[in-house]
Amino acid sequence: MKNMDPNNNLEQEIFQIISHAGTARSFAYEALQAAEDFDFLKADELLKQSEEELAEAHKTQTQLITAELNGEKLEKSLLLIHAQDHLMTAISEQKLIERIIRLTKKLREKTS
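The numbering of the sequence shown is our numbering, which starts it at 574 and goes up by one.
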């Protein structure tokens, strides 16, 4: 992050956050579909992939925050705000889907 080109590197970091968050959401919704089909092994694997993507997005976000805390001036832009919104939404949806899948597993166990 040292000596970031404010126009190029920051934009790349922002798009990494958006990309990883979007991929995480996709995996989470695929996991939900797998759970609806009672394929819990697949659902668990997809949730794991979702968590890995969120971790990558969060890592990039943390690098940006750390750079700013270390005195680097980061341009605040609508794109950066969009990336933050994308990440927060993906995290919230992933956690909710995780819970729905747990409930689906419990209901399936009780009715089997």
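For every residue, glycine included, the Cβ atom is placed at its ideal position computed from N, Cα and C.
Residue burial annotation: Q606 is exposed, with fewer than 16 other C-beta atoms found within 10 angstroms of its C-beta. Annotation: the continuous alpha helix (DSSP H) that includes G595 extends over 582-609. For K646, there is no enclosing alpha helix (DSSP H), as DSSP marks it with neither H nor E.
Cβ atoms of A616 and I674 come within 8 Å of each other, at about 5 Å.
At a Cβ-Cβ threshold of 8 Å, E609 and L619 do not count as neighbours.
Excluding residues up to 5 positions away in sequence, I590, H593, A594, L660 lie with their Cβ nearer than 6 Å to the Cβ of A630 in the same chain. Separation of the CB atoms of F600 and S623 is rounded to 4 Å, and the pair is thereby assigned contact status at 8 Å. Between the alpha carbons of L637 and S685 lies a gap of roughly 49 Å.
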